[in-house]
Every structure is written in structure tokens, then in C-alpha cells.
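Protein chains in written order, with numbering that gives the first Met the number 0: chain A, 0 to 584; chain B, 0 to 338. C-beta: ideal position from N, C-alpha, C; glycine also.
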Amino acid sequence: MNKTLSILALTISLISPHNIWALCSDASYEEIMEWDIINIIFPEYVMQDSENFDYLIDDNESIEFQNFYNPYIPYFKKSPNYGNIDEWAKYLGINQDQAYYLVNKSSKNEIDSLLVFGNCRNKKLEFANSKFCKKKKNALKYISYAKFLEPYMARESGQDMKQWQEYEFWYYWDYSYCPRKKTVHDLDYETIINNLIEAYKAQKDKELKLRYGYQLVRLAHYKHHYEDAVRYFDTYVEPLKIKPEIYYYALSQKAGALNGLNKTLKNNPAEEGNSQVAMDFLRVFSKSKDLKYSAYLSLRFSENGKALENLYNQSKSLNNEDACSLYFLLGHDKFNNPLNELEKIENLDPNSTLADVLMARYISSLKRHYLGYKLEDLEINNPNLGQALKIAESMRLKSSHKDFWNLCAAHLNAYSQNYPKAKEYLSLVKCQRTVYQTHIKLLSCYIAILEPEQFDKTTANVIIKQHKEILDEVSYLRAVMAKRLEKEYPLIAFLLLHETNELGLSSKKWTDMIQYGESKNHNEFDKWLLQRCKYDSNDAYSHLALSYLYENNIPSAYKYKEYVKVDYELKSVLCYNIAYISKKI
Amino acid sequence: MNYSLLKILPIILFLLNSVSCVSGASPRHNISFYHWKSNYQIDNDVRNYTRGLNCQKIYIHLFDVVKEGEISRPINIFQVTDSLKNDSSIHFVPVIFITNEVFSNTDTAKINGLTHRLKYFTDNMIRHSNINKNTIDEIQFDCDWTPSTKENYFTFLKYVKNLYPDVKISSTIRLHQIKDMKETGIPPVDKGYLMCYATSYANDGLDSNSILNIDLLKNYTENLNDYPIDLDYALPLFSWGIVSNKKSQIKLINGLTHNDLDSVRFKRISENRYKVREDCFINGLYINKGYTIEIEQITPTLLRNAIEYLDNKIQKDYNIVYYHLSKGFLNRYTIDELK
């Protein structure tokens with residue numbers, strides 16, 4: 000008998016499409032992937048201005064671009080230079096997609112063909128008809144020259160960077176086989192500079208002049224002609240007195256050049272706290288759409304790593320906008336308490352979107368902090384929660400972003416278990432945008448689950464009537480509900496987050512499951528749950544039979560053999576074996 | 000009294016005296032230093048200091064090798080300038096740090112490729128630094144290998160030796176690799192350097208100096224004399240501040256000492272612990288009010304205790320390599336305190 004069972008068990012394990020032992024799932028609520036939390040419950044897109052989404056990188060310790068453009072934000076930019084693309088689109092009188100293609104994707108040859116022939120074969124450039132090409136000839140000339148320069152625009156990391164130190168060489172045993180990247184050193188520098196200056200002078204249009212000026216500053220910077228780069232900025236960029244996005248591109252290059260120049264000086268002004276470099280990068284951060292992250296990195300590493308400190312030491316002399324940017328950058332670091340900087344921003348400009356971003360980050364991090372806690376630990380151990388609450392309650396009165404701050408105050412009061420207050424603030428959120436309405440539904444459901452002192456199936460039934468849709472969508476909310484039910488209703492708690500086939504092979508669990516599933520007293524909650532967890536009567540009995548078999552309880556397994564479906568290969572073998580064994584008994 | 004005994008008594012007394020002198024003498028130490036900064040900035044003060052210790056060797060960190068995806072690449076590359084050639088009296092030993100990850104999930108073909116690339120890179124760095132290549136008689140590798148990577152790391156060391164047949168190949172040895180030598184193995188090198196520091200983790204919550212704790216050092220080195228390869232000994236000179244925020248995260252501020260923490264911004268709450276009174280920068284790190292800072296440093300006394308322990312344990316002359324050469328650290332110790 001034992002030998003037969005062993006063979007049977009082996010047979011099952013070999014032919015089963017899934018390892019049946021793996022069906023014994025013990026996944027707990029805490030182990031569930033909570034993309035809901037990160038992306039829906041309090042995503043950054045609640046804020047007013049989409050451009051601020053860029054700040055909200057996950058890990059600002061990494062120098063690499065790590066998920067800088069959060070892919071979960073619905074309004075993420077199509078390209079890293081969308082600010083520049085926007086301005087091209089307006090300048091050329093075309094839409095963003097067309098501008099994006101023209102500036103980023105088309106080849107120099109295609110642009111040259113537009114210049115010479117007034118058309119080109121690429122259908123994506125059909126919008127650039129002969130009339131357009133004639134009217135925008137100077138712009139197309141600029142774009143063509145920019146495309147010529149672009150492949151050479153790679154900055155070497157160190158002043159004495161030798162080719163053999165470039166890490167690409169690292170992958171080749173023989174230097175001569177290494178495909179070398181182009182750099183500015185491959186250009187006829189003097190000729191290019193003269194060309195750019197001539198083109199600049201020939202332009203009447205300030206915006207195009209500015210773009211040529213930017214190319215001058217960047218080329219000189221990358222060539223390590225730092226003094227020239229700064230001079231070109233002062234001579235060709237600043238006097239134009241216009242500050243579109245490309246101005247900040249040029250300013251960023253100038254700041255980089257100045258930083259390089261300062262390092263060559265015997266007395267580096269940065270070491271003495273004179274922070275023009277830091278000021279420039281801070282200005283880029285404040286105003287640029289495309290370069291916020293690169294400015295942030297530059298602020299971390301320029302001036303021998305002291306840029307932020309130098310700015311902080313002179314923070315009282317900064318204008319409000321720059322000071323808010325500085326405090327934002329300091330508060331953005333994951334190691335720091337964003338609320339301290341948020342308070343400073345609040346005092347300067349309660350309407351600053353940067354304050355909104357910091358609070359959103361704080362609340363998002365709070366939620367993630369929660370995920371490992373038991374329900375009783377949701378009584379926050381977070382010492383900053385009181386501070387956050389105070390700020391939110393103050394800002395909802397001061398800031399013009401009423402909906403946002405009322406929503407924050409609602410969240411924070413909910414986490415502080417002050418549910419009446421949370422509901423009160425939630426009722427003040429009037430914005431009809433989908434994201435706000437989603438938040439209202441989420442938080443309302445969350446409060447409904449946590450507010451009652453006692454929680455049973457009757458409570459669950461009330462909640463499901465009001466919040467069925469959101470409970471279907473958001474597993475975190477089901478997890479919270481499961482926590483409230485697990486002591487008295489462990490099976491129901493399990494089913495809130497799993498399907499029935501994850502019950503594993505336990506006759507006790509399946510017996511309980513069948514008892515629950517076959518009960519004649521289902522309320523709306525039960526019906527919802529059984530449908531959600533895909534309860535099927537025949538399937539349940541089939542699993543019960545398998546469970547008994549697994550537990551070496553053949554007579555009990557045999558009782559339910561008729562439920563075992565023959566369309567599963569595993570179960571047909573099982574049927575055969577049960578029949579065979581039963582004949583032997 | 001026996002006349003013969005009287006005649007030889009002085010000889011016996013003389014021999015006994017000699018033995019007692021010999022057994023009472025401490026082992027002698029040759030002193031050298033690690034240089035771990037990316038720029039070689041040894042000014043005259045530092046140079047004179049090292050001369051005072053008769054330091055003739057500097058172990059110079061050239062680069063790290065890290066793994067990114069499937070590829071290993073160099074980072075933290077030493078800025079090669081002509082300054083190294085000015086120190087002709089110094090014998091440089093290149094040191095290359097390789098992360099343990101480089102040797103996980105790899106094979107002999109990749110290790111072979113790594114070895115060749117590393118040789119190419121190292122040779123170029125040496126050539127461009129104008130160090131006389133003929134003076135390089137040792138190359139050191141620093142890797143915190145584990146039982147699961149030891150085979151690959153040891154293979155790498157053998158391949159390197161094949162490419163540098165006339166050069167000694169040495170490796171750092173960490174305390175846990177001495178204690179668990181059966182599991183972690185013995186690297187196939189000409190010499191090992193035992194790193195007598197990092198006795199515990201900075202965030203282990205224990206109230207002891209995580210850089211160097213003598214009791215833990217003794218525990219790790221119980222079987223030191225069973226280690227089958229020649230060892231030199233690295234000792235720490237550095238200090239740091241362990242900054243804790245309110246979210247159970249820590250950051251380290253290298254080189255921080257008690258003198259850096261003024262009473263206006265920092266309130267001393269115990270012998271080595273401070274509370275931050277206001278948001279501020281400290282040594283380039285921005286910290287918030289309410290955070291705590293714990294200072295860990297190697298006092299001359301602690302250093303002396305470590306050396307005395309090693310003297311008693313090893314009982315023969317040995318070399319000490321201090322980590323690391325920095326004007327700031329050297330200002331804390333007299334020359335005698337480092338001998």
C-alpha cells in the first residue's frame with residue numbers, strides 16, 4: 000500500500016503541470032506587491048504641475064538615472080528635453096510630436112534635404128512642406144548644424160582624462176580594436192567657434208541667436224576652455240535678456256565651466272563660500288523644465304561637494320523662489336526629514352508647488368512604511384506624523400491649493416486614527432479630476448474599514464455595498480480588511496487576497512472552504528468574495544479529494560472521486576489510481 | 000661547593016640574562032601606509048612624518064572593479080599625475096579593490112578576460128604615472144570574498160600570477176576570513192594583509208567601537224598563528240561619525256571627531272553620542288534637528304592596545320600598514336604612537 004502511494008505521489012509530481020507542493024501558498028498580506036500604494040493611493044500626479052513629477056525619483060543616492068521619469072505617472076514626458084521641444088513647437092508653429100521628430104529623430108541629411116529641396120522622403124516630415132522650409136530656413140539651418148555637432152558633444156570626466164582611461168577600453172585587450180567615441184577634441188575647434196559666432200551675428204531672431212550662444216558655451220565648456228565658456232555666456236547669451244528653456248541650458252553649461260575654472264584657481268572661491276556656481280545651478284533647477292535633475296546632481300557634486308552647503312549658508316540672501324528650491328533639494332534627500340524643509344517653504348511661499356511635492360513624498364513614504372506593520376502598529380510609531388499633521392492643517396488654510404492640502408490633511412488624520420477629522424477634510428475636496436475622485440474613494444473606504452471598533456462580516460457587508468468597486472481594484476484595502484477579519488474569520492481573510500486554488504492541499508482548509516462556499520446564508524459580501532476568489536463547488540470537492548490523497552487518507556479521498564475532473568491529466572491519472580486502489584481495498 | 004659549578008656559574012648567569020633580554024623585547028615593526036584618495040597629495044609635512052617612521056612603502060589604491068549587469072568595470076580611478084615620480088624614495092605597491100559580486104555568477108573564461116583587462120589597465124596607469132615599472136615588485140588585491148566566491152577569486156589570483164610572474168601577488172585578509180579559514184579558504188598569494196579593523200557593523204546597535212574592538216579582535220584572531228601564509232597587519236587610523244536619523248537609517252561621516260561637534264549645534268548626551276540641536280551641515284552632510292551622532296575613533300591608547308595584543312600573539316617582527324595616509328589622521332598621533 001505504501002509503495003503504491005509512493006508511486007502515485009511520484010506520478011503526480013512528475014506529470015503535474017504545476018508543482019502541487021507549491022500550491023501550499025502562505026503568502027501573507029505583507030508580501031503582496033503594493034503597486035496600488037505607490038502608484039494609486041498617493042501618487043505624485045495629484046499635484047497641480049506635471050513638471051514637478053521629475054523630482055520624485057525613488058533613489059536619489061544613485062548617480063545613475065534611476066527611474067528618474069517615474070513610468071507610473073500618467074503624464075510622464077515623452078522625451079527628456081520636452082521643455083526645449085515645446086519651445087521649438089511654438090517657434091515653428093507645429094505640434095509637439097512633429098517638433099519632437101524634427102529635433103530629436105530626424106537625421107542631418109533629412110534636414111539638409113529640406114533646406115535644399117524643400118522636402119524629404121520621410122513621411123514623418125511631410126509637415127515640413129516647401130512653404131514651411133522657406134519660412135523656417137534659418138531655424139532649419141540651425142538644427143542642421145546642431146545635428147552635426149551633437150555626436151561630438153561628450154564631456155570627459157577629468158581634466159587629464161586620457162583615452163586609455165575611458166572605460167570602454169576596459170573591455171578590449173587591444174586598444175586598437177576599441178571603438179572610440181567621438182569627442183569635442185575631434186572637431187576643428189577654432190573653425191567651429193568662428194562659424195557659430197558668425198551665425199550668431201547673422202541672426203536677427205533672438206531665439207535663434209540664443210541657441211547659437213548655447214552651442215558656443217557648451218563647446219568651450221566641453222573643450223575645457225572654461226574662461227571662454229564663461230565669456231561666451233556673458234557676451235552672447237546674457238545680453239539677449241530672454242530666458243526661454245534654452246537659456247537655462249546655456250546657464251547650466253556656464254555653471255559647469257565656472258566650476259571647472261574655479262578648480263584651477265589657487266584659491267577656489269567655492270572653498271571660501273562664494274557660490275556663483277551653486278547659484279547658477281540653483282537657478283537652473285528653479286526655472287528649467289528639462290534640467291532639474293541634472294541641476295540637482297550638479298548641486299550635489301560641484302564646488303567640491305559643497306554647493307548646497309554654500310547656498311545654505313547664504314540662504315537668507317536668496318529670493319523666495321530660490322530659497323524654496325534650496326529647501327526642497329535638502330528635504331528631498333531620503334535621509335532627511337522633508338517636513339523640516341517644508342516648514343521653511345511654508346513660511347516663504349505657501350503656494351509653492353515644491354511644498355506639495357515634499358508632502359506627497361512624505362505621505363507616500365509613510366504608506367510604504369506601513370506595509371510591514373500589523374494592524375495594531377498602524378497606531379503610528381512615526382514621530383514625524385504630528386509635525387506633518389500640523390503642517391497640513393496649516394497649509395490647507397494658507398495655500399491656494401485647497402483640494403490638495405485638504406486631501407493631505409485627510410490622509411494624515413486617517414493615519415493618526417482621527418477618522419471624524421479625516422472625513423471632514425475629505426468632504427472639502429471638491430476637485431472633479433479623476434485622480435482626486437479616486438483618492439476620495441480610496442480614503443473613504445480605508446476609513447470605513449478602520450473606523451469601526453468592532454469588525455465582523457456584518458460590517459464587511461456594509462462596506463462592500465458602498466465600496467465594492469475600489470475594493471475590487473485595490474489590494475491594499477483588501478489587505479487592511481483582511482487584517483481586521485483574520486482573528487475571527489481566517490479563511491475569509493485569506494480569500495480577500497487569494498484565489499481558492501491557493502489554499503493548497505489541506506483537507507481541513509478545503510472542508511472549511513466548502514462549508515463556507517456551500518452555505519445557504521450568503522450576504523452580499525459573501526457573494527462578492529466567493530466570486531472574487533473564483534469559488535467553484537466541483538473544483539473545491541476535487542481539491543478536497545486530492546488533499547485527502549496527499550494526507551494518505553485514501554478512503555476519504557475515494558468518497559469524492561466523482562468530483563475529480565477527467566479533463567485534467569493529473570486528475571485523470573488520480574482517478575485511475577483511486578479506482579485501482581479502491582478495487583484493491 | 001663544587002669547584003666545576005663555580006667555574007661555569009658566570010657563563011650560566013650570562014646566558015640567562017641574554018635570554019631574559021631577548022624574551023622581554025617587543026617585536027619590531029616596519030611601518031607603511033595605505034593611500035586611498037584619488038589624488039596623490041602628500042605635502043612636506045606628511046612626507047616628513049612618514050620619514051620619521053622610516054616609511055619606505057606606500058600601498059596606493061589605483062581603482063575599484065565593480066560589476067554592472069554582466070560586465071565588470073573600473074571606477075574610483077586614481078588621478079594619475081606626475082606627482083608620484085617626485086617620491087623616488089618611496090616604493091609603491093598598487094592596490095586594486097574588487098567587489099565580491101565580480102566573482103559571483105562568473106566562469107573561468109570571464110575571469111581570464113578580466114585578468115587581461117585589469118593588467119592592461121594597471122600597466123597603463125603605472126606607465127602614465129611615471130613610476131618606474133621596475134620598482135613595482137608587488138601588486139595587492141583587496142576583495143571581501145566569501146565561501147561561494149572563493150574558487151573564482153582564487154582562480155583570478157592564479158591567473159594574475161601567470162601574467163605577473165616576477166611580481167609578488169598579495170591579498171587583503173579580513174578578520175572573518177581568518178576566523179573561518181576552513182570555509183573561506185586560503186588565497187594562493189605570496190602574502191596576506193590582515194585588516195585588523197571593522198570588528199563589527201556601524202549600525203549593529205552595540206555600544207562598542209565598530210572600527211576596532213580589542214575583545215572582538217582577539218576572538219577573530221584566536222587561530223591566527225595557524226594561518227599558513229605570511230601576513231602583514233593593517234591597522235586603522237581613521238574615525239567617523241555615525242549619524243542616525245529618526246527612521247533607523249544611518250550615514251557615516253568619515254574623519255569626524257569630537258572636536259568637529261560644537262556645543263551650539265550639538266548636545267553631548269553620552270561619552271560618544273550627541274544630539275543635533277538644529278538643522279545644519281556637518282562635513283558636507285545635511286542633517287536635521289533631533290538626529291544623533293556617535294563618534295568612533297582610534298585613540299592612541301586603543302592603537303597601542305591593538306599593537307600590544309598583536310605583539311604578544313605573533314611574537315616575532317612583523318610589518319604594520321596603517322589605513323590610511325591622510326594629514327588629518329596623522330595630526331592625531333605622534334610618531335612614537337605609531338611605531
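*Using a beta-carbon distance below 7 Å, is G304(A) in contact with chain B?*
As a position in the first sequence, residue 304(A) is number 305, starting the count at 1. Yes - at least one Cβ of chain B is within 7 Å of the one on G304(A).
Q.
Tell me the rounded alpha-carbon separation between A219(A) and Y295(A).
A. Along the first sequence, read from residue 1 onward, the residue named residue 219(A) stands at position 220. Along the first sequence, read from residue 1 onward, the residue named residue 295(A) stands at position 296. Straight-line Cα distance between these residues: approximately 22 Å.
With a threshold of 6 Å on Cβ separation, who are the neighbours of I30(B) within its own chain once the five nearest residues in sequence on each side are excluded? Taking the first residue of the second sequence as 1, we reach residue 30(B) at position 31. Taken in chain order, the residues that qualify are L52, C54 and I319.
With DSSP as the reference, identify every bridge partner of V275(B), one or two as the case may be.
Locating residue 275(B) in the second sequence gives position 276, counting from the first residue. BP columns for V275(B) point to F265(B).
Can you confirm whether D278(B), when its beta carbon is compared against all beta carbons of chain A, has any partner nearer than 7 Å? Here the question's residue 278(B) lines up with position 279 in the second sequence. Yes - at least one Cβ of chain A is within 7 Å of the one on D278(B).
| query | In the structure shown, what three-state DSSP assignment does K440(A) receive? | reply | Mapped onto the first sequence, residue 440(A) falls at position 441. Here K440(A) carries a helix assignment [DSSP, helix/strand/coil].
*Should E69(B) be labelled buried (16 or more other beta-carbon atoms within 10 Å of its own) or exposed?*
Taking the first residue of the second sequence as position 1, residue 69(B) is located at position 70. Counting of Cβ neighbours within 10 angstroms places E69(B) among the exposed residues, the total staying below 16.
- Just the C-alpha distance for E206(A) and N318(A), rounded to the nearest angstrom, thanks. The count along the first sequence starts at 1 and reaches residue 206(A) at position 207. The count along the first sequence starts at 1 and reaches residue 318(A) at position 319. When rounded, the distance between both Cα atoms is 27 Å.
Note to self: Quick check on E295(B): buried or exposed, where buried means 16 or more other Cβ atoms within 10 Å of its Cβ?
What the structure shows: Here residue 295(B) corresponds to residue number 296 of the second sequence, with the count starting at 1. Buried: at least 16 other Cβ atoms inside 10 Å.
- Query: Straight-line CA distance for E189(A) to L117(B)?
  - Reply: Within the first sequence, numbered from 1, the residue matching residue 189(A) stands at position 190. Within the second sequence, numbered from 1, the residue matching residue 117(B) stands at position 118. E189(A) and L117(B): Cα-Cα distance of roughly 38 Å.
Can you find the residues in the same chain that come closer than 6 Å, C-beta to C-beta, to K354(B), ignoring five residues on each side of it along the sequence? Because chain B in this structure spans residues 0 to 338, residue 354(B) falls outside the shown range and cannot be described.
Could you work out which residue in L162(B), C142(B), F96(B) and E150(B) is closest to T105(B) when comparing CA atoms only? In the second sequence, the residue the question calls residue 105(B) occupies position 106. That would be E150(B), whose Cα lies nearest to the Cα of T105(B).
key: Span of the beta strand (DSSP E) around A233(B)   = The sequence position of residue 233(B) within the second sequence is 234, counting from 1. Here the beta strand (DSSP E) through A233(B) covers L230 to P235.
Q) For the beta strand (DSSP E) that contains W239(B), what are its first and last residues? A) Residue numbering aside, residue 239(B) sits at position 240 when the second sequence is read from its first letter. Taken as a continuous stretch (DSSP letters only), the beta strand (DSSP E) holding W239(B) covers W239 to S243.
L502(A) versus L156(B) - alpha carbon distance:
Within the first sequence, the letter at position 503 stands for residue 502(A). Within the second sequence, the letter at position 157 stands for residue 156(B). Spanning the two alpha carbons is a distance of roughly 51 Å.
Extent of the continuous beta strand (DSSP E) to which N318(B) belongs: By one-based count along the second sequence, residue 318(B) stands at place 319. N318(B) -> beta strand (DSSP E) spans Y317 to Y322.
Whose Cβ in chain A lies nearer than 8 Å to the Cβ of Y285(B)?
-> Counting from one through the second sequence, the residue named residue 285(B) turns up at place 286. Residues of chain A passing the Cβ test: L307, E308, Y311, L329, D332 and N335.
Are at least three pairs of beta-carbons, each pair with one atom in the segment 349–366 of chain A and one in the segment 315–330 of chain A, less than 8 Å apart? yes
| Using the beta-carbon of each residue, which ones in chain A are nearer than 7 Å to Q248(B)? | Taking the second sequence and counting its residues from 1, the one referred to as residue 248(B) is at position 249. The contacting residues are F334.
Could you give the first and the last residue of the continuous beta strand (DSSP E) run that contains H90(B)?
Translated into the one-based positions of the second sequence, residue 90(B) becomes position 91. Note, H90(B): beta strand (DSSP E), H90 to I97.
Worksheet item: By DSSP, does G191(B) sit in helix, in strand, or in coil?
Response: One-based indexing of the second sequence puts residue 191(B) at position 192. Residue state, collapsed to three classes: strand.
Tell me G285(B)'s beta-bridge partners as DSSP assigns them. Against the second sequence, residue 285(B) aligns to sequence position 286. Note on identity: in this sequence residue 285(B) is Tyr, with Gly being the wrong assignment. In DSSP, Y285(B) forms a bridge with F280(B).
Q) When burial is assigned at 16 or more other CB atoms within 10 Å of the CB, is Q436(A) buried or exposed? A) As a working mapping, residue 436(A) is identified with position 437 in the first sequence. Label assigned to Q436(A): exposed.
Cβ separation of Y226(B) and I286(B), assumed to be a contact under 8 Å, to the nearest whole Å: Translated into positions along the second sequence, residue 226(B) becomes position 227. Translated into positions along the second sequence, residue 286(B) becomes position 287. The pair is not a contact, with the Cβ atoms about 42 Å apart (cut-off 8 Å).
**Request:** Go ahead and label R609(A) buried or exposed: buried means 16 or more other beta carbons lie within 10 angstroms of its beta carbon, across all protein chains shown.
**Result:** Residue 609(A) lies beyond the range of chain A shown here (0 to 584); nothing can be said about it.
Thinking C-alpha only, which one of S415(A), A256(A), S297(A) and Y221(A) is nearest D233(A)? In the first sequence, residue 233(A) corresponds to position 234, counting from 1. Here the closest residue by C-alpha is A256(A).
| query | Within the 7 Å Cβ cut-off, does N244(B) reach chain A? | reply | To locate residue 244(B), count along the second sequence from 1; it is residue 245. Closer than 7 Å to some Cβ of chain A, the Cβ of N244(B) qualifies, so yes.
Q.
Using 8 Å for Cβ pairs, my map puts L442(A) next to L425(A). What's the rounded Cβ distance?
A. The residue labelled residue 442(A) in the question sits at position 443 within the first sequence. The residue labelled residue 425(A) in the question sits at position 426 within the first sequence. The Cβ separation is near 6 Å, so the contact holds.
**Asked** For I142(A), which residues from the same chain have a beta carbon less than 6 Å from its beta carbon, with the 5 sequence-adjacent residues on both sides left out?
**Response** If you number the first sequence from 1, residue 142(A) lands on position 143. So the list reads I110, once near-sequence residues are dropped.
Counting only beta-carbon separations shorter than 7 Å, does N339(A) have a partner in chain B?
Start at 1 with the first residue of the first sequence, and residue 339(A) comes out as number 340. Taking Cβ atoms only, chain B reaches closer than 7 Å to N339(A), which makes this a yes.
- Item | Contact set between the segment 100–131 of chain B and chain A, restricted to residues whose Cβ is under 7 Å from the partner | H115, R116, Y119, F120, N123 and H127
Q: Identify, in the order they occur along the chain, each residue of the same chain with its Cβ nearer than 7 Å to the Cβ of E585(A), setting aside the five sequence neighbours on each side.
A: A query on residue 585(A) cannot be resolved here, the shown segment of chain A reaching from 0 to 584 and no further.
**OP:** Would you be able to state if there are at least three C-beta pairs under 8 Å between the segment 130–146 of chain A and the segment 101–115 of chain A?
**Re:** Proximity of the segment 101–115 of chain A to the segment 130–146 of chain A meets the contact definition, three or more beta-carbon pairs being nearer than 8 Å.
Y515(A) and N537(A) - do their beta-carbons sit closer together than 7 Å? Looking up residue 537(A) in the first sequence gives position 538. Looking up residue 515(A) in the first sequence gives position 516. Their beta carbons are not under 7 Å apart, which means N537(A) does not touch Y515(A) by this criterion.
| said: With distance defined between alpha-carbon atoms, name the residue in R210(A), R217(A) and K200(A) nearest to Y241(A). | reply: On the first sequence, residue 241(A) is found 242 positions in, with the first residue counted as 1. The residue asked about is misnamed: residue 241(A) is Ile in this sequence, not Tyr. Considering only alpha carbons, the answer is R210(A).
Residues that DSSP places opposite T171(B) in a beta bridge: For the purposes of this step, residue 171(B) is taken as residue 172 along the second sequence, with counting starting at 1. According to DSSP, T171(B) bridges with Y192(B).
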